[in-house]
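Asks: Please read through the structure below; I'll follow up with questions.
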Amino acid sequence: MTQTEKLTLDYIKSQMSESRFKHVLSVAENAKKLAQIHNINQYDAETAGLLHDLAREWSGEQLIDFLKQRSIKISTQQMELPILLHGHVASIIVHEKFGINNNDLLNSVKNHTSGATYMSELEKIIFISDTLGSMQSKDPARYNEIMDAATKSLSKGVELIYELTYQHFIDNNITIAENFFDNWNANKPKQI
């Protein structure tokens with residue numbers, strides 16, 4: 021590990037709780053595995069995995085203020101559920117603090133929570149790996165199901181996560197994020 025990588029890791033660790041840091045390490049590890057399987061840049065996948073939750077433990081007020089200071093439009097739903105903004109905020113921090121200009125990596129960080137229409141392969145990897153990182157110890161059977169699907173096809177992994185997320189929202193009476201269905205439909209595996 022280079023000195024720069026150690027300083028970056030120390031900074032990441034300083035921005036979150038120990039449990040969040042463990043999650044981030046798990047996401048980075050899963051992202052690197054999936055990138056290797058699908059012949060995607062492993063360094064970018066691991067980096068996005070490490071940086072995706074930099075703002076996850078910020079308060080809603082901090083997230084909103086950060087974006088308002090940069091004149092970034094915030095929707096009504098995002099004002100009501102500001103946690104949805106943490107990926108967007110993290111992507112800006114990654115760009116401003118670390119000087120990363122790789123749009124694919126930045127979009128992977130930005131869109132890891134709700135996805136986006138027409139996600140790149142790297143975006144799919146981080147979207148999947150974030151879910152895997154949350155399930156690895158809590159629900160090993162579900163982890164294996166998602167990892168198996170994602171190993172075969174990133175699109176199938178994304179599809180499965182949208183299905184499971186939708187069911188979780190319904191079962192727990194959780195507000196469904198705007199654009200959820202647009203994102204889900206746009207990322208369905210193509211039928212041949």
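For the sequence shown, my numbering assigns the number 21 to the initial residue and increments by one for each residue that follows.
Using N, Cα and C, we set each Cβ at its ideal position, and we do this for glycine too.
Which runs of the alpha helix (DSSP H) at least 4 residues long sit entirely within the segment 77 to 143? Give them in chain order.
Replies: Positions of the alpha helix (DSSP H) runs, each at least 4 residues long and wholly inside the segment 77 to 143, are given as 80 to 89, 96 to 100, 106 to 118, 123 to 130 in order along the chain.
Asks: What residue range does the alpha helix (DSSP H) around Ile-57 cover?
Replies: 38 to 57
Asks: If you drop the 5 nearest sequence neighbours on each side, which residues of the same chain put their C-beta closer than 8 Å to that of Lys-176?
Replies: Ala-169, Ala-170, Pro-209
Asks: Sorted by chain position, which residues of the same chain lie with C-beta nearer than 7 Å to Ile-57's C-beta, five sequence neighbours on each side aside?
Replies: Within the same chain, Ile-57 has close Cβ partners Thr-171.
Asks: For Phe-147, does the count of other Cβ atoms within 10 angstroms reach 16, so buried, or fall short, so exposed?
Replies: buried
Asks: Using DSSP with H/G/I as helix, E/B as strand and the rest coil, what is Glu-165?
Replies: helix
Asks: Could you give the distance in angstroms between the alpha-carbon of Asp-202 and the alpha-carbon of Thr-137?
Replies: Those two C-alpha atoms are separated by around 7 Å.
Asks: Would Ser-46 pass as a contact of Gln-156 if the rule is Cβ separation under 9 Å?
Replies: Their beta carbons are under 9 Å apart, which means Ser-46 touches Gln-156 by this criterion.
Asks: Between which two residues does the alpha helix (DSSP H) harbouring Ile-196 extend?
Replies: Segment: none, Ile-196 is in no alpha helix (DSSP H) and carries neither H nor E.
Asks: Specify, as a first and last residue, the run of the alpha helix (DSSP H) that Thr-67 falls within.
Replies: Per DSSP, Thr-67 is one residue of the alpha helix (DSSP H) stretching across 62 to 71.
Asks: According to DSSP, simplified to helix, strand and coil, what is Gln-23?
Replies: Correct three-state label for Gln-23: helix.
Asks: Out of Ile-60, Ser-79, Ser-95, which has the shortest C-alpha to C-alpha gap to Glu-235?
Replies: Residue 235 is absent from the structure shown; the chain starts at 21 and stops at 212.
Asks: How big is the Cα-Cα spacing for Lys-42 and Leu-184?
Replies: 23 Å
Asks: Quick one: any contact between the segment 93 to 111 and the segment 126 to 135, if contact means 3 or more CB pairs under 8 Å?
Replies: yes
Asks: Could you say which of Lys-158, Thr-22, Ile-194 lies nearest to Leu-101 if we only look at CA atoms?
Replies: Ile-194
Asks: Give the DSSP-derived three-state secondary structure of Ala-75 in the structure shown.
Replies: coil
Asks: Which of the three DSSP states, helix, strand or coil, is assigned to Lys-158?
Replies: coil
Asks: Suppose you measure from the CA of Leu-27 to the CA of Leu-70; what does that come to, to the nearest Å?
Replies: So the alpha carbons of these two residues sit roughly 13 Å apart.
Asks: Judging by CA-CA distance, which residue of Leu-104, Phe-189, Lys-144, Asp-191 is the nearest neighbour of Ala-51?
Replies: Lys-144
Asks: Tell me whether Tyr-63 is buried or exposed, calling it buried when 16 or more other Cβ atoms sit within 10 Å of its Cβ.
Replies: Burial call: exposed.
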